[in-house]
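First comes the structure, then the notes that go with it.
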Amino acid sequence: MDLSSEVSKADFSDAINTALRNAAVDTALTGSTTYTDGDIDLTDSEQYDTVRFSISVGDSGPVAIDLRSRILGAGPGDPTQIDAAELQAAMEAELQAIFDDDITVTLASAGSITVTDDQGRALKISQGAGDGTLFGTDSANDGALTIDQTTQTNLSVAWDGNDLVVTNSAGGTTTVAGYDAAANSKVSFDVVSSDQVDEDYDPVYLVETTAISSDDVETSGRVSSSSLLIAFDDLTANGTSSDVTFDITNGDGLVYGAVTLDLYDSDADIIATVKTAIANGITANITDTSISANDFTVAYSDGSLTITNANGRSLAVENYSSSDTTATVAPTGQLSASKNLASQSNYFSHPSPQRRLASH
Numbered sequence: 026m027d028l029s030s031e032v033s034k035a036d037f038s039d040a041i042n043t044a045l046r047n048a049a050v051d052t053a054l055t056g057s058t059t060y061t062d063g064d065i066d067l068t069d070s071e072q073y074d075t076v077r078f079s080i081s082v083g084d085s086g087p088v089a090i091d092l093r094s095r096i097l098g099a100g101p102g103d104p105t106q107i108d109a110a111e112l113q114a115a116m117e118a119e120l121q122a123i124f125d126d127d128i129t130v131t132l133a134s135a136g137s138i139t140v141t142d143d144q145g146r147a148l149k150i151s152q153g154a155g156d157g158t159l160f161g162t163d164s165a166n167d168g169a170l171t172i173d174q175t176t177q178t179n180l181s182v183a184w185d186g187n188d189l190v191v192t193n194s195a196g197g198t199t200t201v202a203g204y205d206a207a208a209n210s211k212v213s214f215d216v217v218s219s220d221q222v223d224e225d226y227d228p229v230y231l232v233e234t235t236a237i238s239s240d241d242v243e244t245s246g247r248v249s250s251s252s253l254l255i256a257f258d259d260l261t262a263n264g265t266s267s268d269v270t271f272d273i274t275n276g277d278g279l280v281y282g283a284v285t286l287d288l289y290d291s292d293a294d295i296i297a298t299v300k301t302a303i304a305n306g307i308t309a310n311i312t313d314t315s316i317s318a319n320d321f322t323v324a325y326s327d328g329s330l331t332i333t334n335a336n337g338r339s340l341a342v343e344n345y346s347s348s349d350t351t352a353t354v355a356p357t358g359q360l361s362a363s364k365n366l367a368s369q370s371n372y373f374s375h376p377s378p379q380r381r382l383a384s385h
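Numbering (the numbering used here), first residue to last: 26 to 385.
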């Protein structure tokens, strides 16, 4: 899509609206008659009425259909013996020219004709000016063939400048998910009325890569950071060392780094050790290039270790082990969600807490 082209933008919104409309259950009508190759001779004026009928799609009102010109214009193999495939192709082309491409026509092996609407609109087919050859007479069908519309979508999109506005006419919850785009593209999601948003952050910016660059600007998708606070309980332990090992993970098996610490080390050394563990873990365990060690920051002071991810990725502490100290772990700013971790049998132990993405 080219945002500088109104034609490109219109094509894009039309494609979305069509997909939304087509999400409805299809509607279809099948005639009560059957057609066999050669039944119609369009060189005989007395048979002109055989290819005429009337149809309504949605709120279009009755539209008179005459397929003679369409069939003959396509160059039938023998105009005195129109075959079923020629009739089906001509009817579909005519209906799509009048309505849209969501109207299709199929011919069953037994010869019955079915008109289907992918948008699920109401359909009505009557004899009209024809003789009932294609779908049956109104008297044989006990009136026109009809089917009510199925449940229609309440969603639509329209451009407001270069902003694509998604509207739910029923006022229900609307979710945008599964964002995917070419590399180096960005999209922002902004609820028009902020008091209707369920997320913590509005708008939310998503990028397909970690950043979009030009000669004079660099910007990243704006998401909230995620952070874990790990508070160690015993910094003196045996008087010479206080050893701890644990994994920094996403809580679902992905290890960002395997950390081994001696809490007797200086604050700077502890920070450097954790940073190195994360850098090595990402290199060894992660192929997703959008995850970088540069997205992690580490701070340590007075027995409290804070690990932060600027992109809001899920963080967890797993496989905690120490014979010297337990630890309390909590999402930063959420001490009520804290958990105590230990590896000794006489220590209190809980599953590791996680900090999930605040918005996606």
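No residue lacks a Cβ here, since even glycine has one placed at the ideal position from N, Cα and C.
Asked: DSSP-derived helix/strand/coil call for PHE160; Found: coil
Asked: Test item: CB-CB of LEU279 and THR298 under 9 Å; Found: no
Asked: Coil, strand or helix - GLY306 by DSSP; Found: helix
Asked: C-beta atoms of ASP142 and ALA53 nearer than 9 Å; Found: yes
Asked: Between the CA atoms of ALA114 and ARG93 - distance to the nearest angstrom; Found: 12 Å
Asked: Three-pair Cβ contact test at 8 Å for the stretch 38-57 versus the stretch 134-141; Found: yes
Asked: Coarse secondary structure for ALA352, derived from DSSP in three states; Found: strand
Asked: Boundaries of the beta strand (DSSP E) in which ASN47 is found, first to last residue; Found: Element bounds for ASN47: n/a, residue is neither H nor E.
Asked: Where the alpha helix (DSSP H) containing SER94 begins and where it ends; Found: 93-98
Asked: Cβ contact check for the stretch 160-167 and the stretch 191-200: 3 or more pairs under 8 Å; Found: no
Asked: Pairwise C-alpha distance: LEU170 and ASP69; Found: 28 Å
Asked: 9 Å Cβ cutoff met for LEU45 and LEU180; Found: yes
Asked: Contact under 9 Å by Cβ, SER81 with LYS34; Found: no
Asked: Secondary structure of LEU28, DSSP reduced to three states; Found: coil
Asked: GLU7 classed as buried or exposed, judged by whether at least 16 other C-beta atoms fall within 10 angstroms; Found: A question about residue 7 goes unanswered here, because the residues of the chain that appear run from 26 up to 385.
Asked: When ALA283, SER252, VAL201 are compared against SER329, the one with the closest alpha-carbon; Found: SER252
Asked: Per-residue burial, GLU117 [other beta carbons within 10 Å of its own, 16 or more giving buried]; Found: buried
Asked: Sub-9 Å separation of ASN310 and TYR281 beta-carbons; Found: yes
Asked: Nearest-angstrom Cα separation, counted from ASN344 out to GLY276; Found: 11 Å
Asked: Nearest residue (CA-CA) to VAL323, options ILE295, TYR289, ILE307, VAL88; Found: ILE295
Asked: Presumed contact (8 Å Cβ cut-off) between VAL354 and ILE255, rounded CB distance; Found: 5 Å
Asked: Cβ-Cβ distance between ILE90 and LEU120 below 9 Å; Found: yes
Asked: Assigned secondary structure, PHE373 (DSSP; H/G/I helix, E/B strand, else coil); Found: Reliability fails at PHE373, whose pLDDT of 29 lies under 50, so the model's placement of it is uncertain and the value that follows must be treated cautiously. Looking at PHE373 - three-state DSSP - the assignment turns out to be coil, as it is neither helix nor strand.
Asked: THR68 in three-state terms, based on DSSP; Found: coil
Asked: ALA352 beta carbon less than 9 Å from that of VAL284; Found: no
Asked: Cβ neighbour criterion (16 or more within 10 Å) applied to ASN334; Found: buried
Asked: DSSP beta-bridge partners of ASN193; Found: LEU180
Asked: Counted within 10 angstroms of its Cβ, other Cβ atoms place ASP84 as buried (16 or more) or exposed; Found: exposed
Asked: Residue range of the beta strand (DSSP E) that includes ALA122; Found: No beta strand (DSSP E) contains ALA122, which is instead part of the alpha helix (DSSP H) from 109-123.
Asked: Which of helix, strand or coil DSSP assigns to VAL299; Found: helix
Asked: N- and C-terminal bounds of the beta strand (DSSP E) containing ILE172; Found: 170-172
Asked: Rounded separation between VAL182 and THR158 - CA only; Found: 42 Å
Asked: Contacting residues, own chain, Cβ-Cβ under 6 Å from PHE37 (five flanking each side not counted); Found: MET26
Asked: Own chain, CB closer than 8 Å to THR175, minus 5 neighbours either side, in chain order; Found: ALA49, VAL50, ASP51, THR52, GLY145
Asked: As assigned by DSSP and simplified to three states, the class of SER33; Found: helix
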